[in-house]
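Per the working numbering, the sequence shown starts with residue 82, numbered consecutively. Think of the CB as a built atom: it goes at the ideal place given N, C-alpha and C, for glycine as much as any other residue.
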Amino acid sequence: MMPIPKFSIPVELQGQLRYVEASNTRSDDEIFKSLTQYTSVTSEKNIWAFWDSGFRNVPAWCQRNVLNWVRLCSPSWTVRVLDSVSKSPKLRLEIRTY
82 MMPIPKFSIP VELQGQLRYV EASNTRSDDE IFKSLTQYTS VTSEKNIWAF
132 WDSGFRNVPA WCQRNVLNWV RLCSPSWTVR VLDSVSKSPK LRLEIRTY
């Protein structure tokens, strides 16, 4: 059975859009924390993003977009946000794959 959307899709777009239930049900805080921690690359299925001053400094509307990437694309894909912040676990120059 298809989930019932929490909002209405405009009639003129109903043939082009469909509601997709989030596959990741973690809270915003849990997802946010995971995006600011280093995890090794173990797959080719990665969604890469970069924000020079770190994910904590991304405008709120952009943070919501990234959080929803995680909700809609995981567990198959891993969202990674790199930065240029000194001593950050996500510092782009420190990320290496072995």
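- With contact defined as three or more Cβ pairs closer than 8 angstroms, the segment 127-136 and the segment 88-98 are not in contact.
- Within the model, the alpha-carbon separation for residue 137 versus residue 88 is close to 29 angstroms.
- Within the same chain, Cβ atoms closer than 6 angstroms to the Cβ of residue 116 are found at 136 and 162, the five residues on either side in sequence being excluded.
- Cβ neighbours of residue 133 within its own chain (closer than 7 angstroms, five residues either side excluded): 164 and 165.
- When DSSP states are grouped into helix, strand and coil, residue 88 belongs to the coil group.
- If you keep only unbroken beta strand (DSSP E) runs of at least 3 residues inside the segment 111-176, you get 127-131 and 159-163.
- In the displayed model, residue 94 falls within a helix according to three-state DSSP.
- Just measuring C-alpha positions, the residue of 148, 167, 170 and 93 sitting nearest residue 104 is 148.
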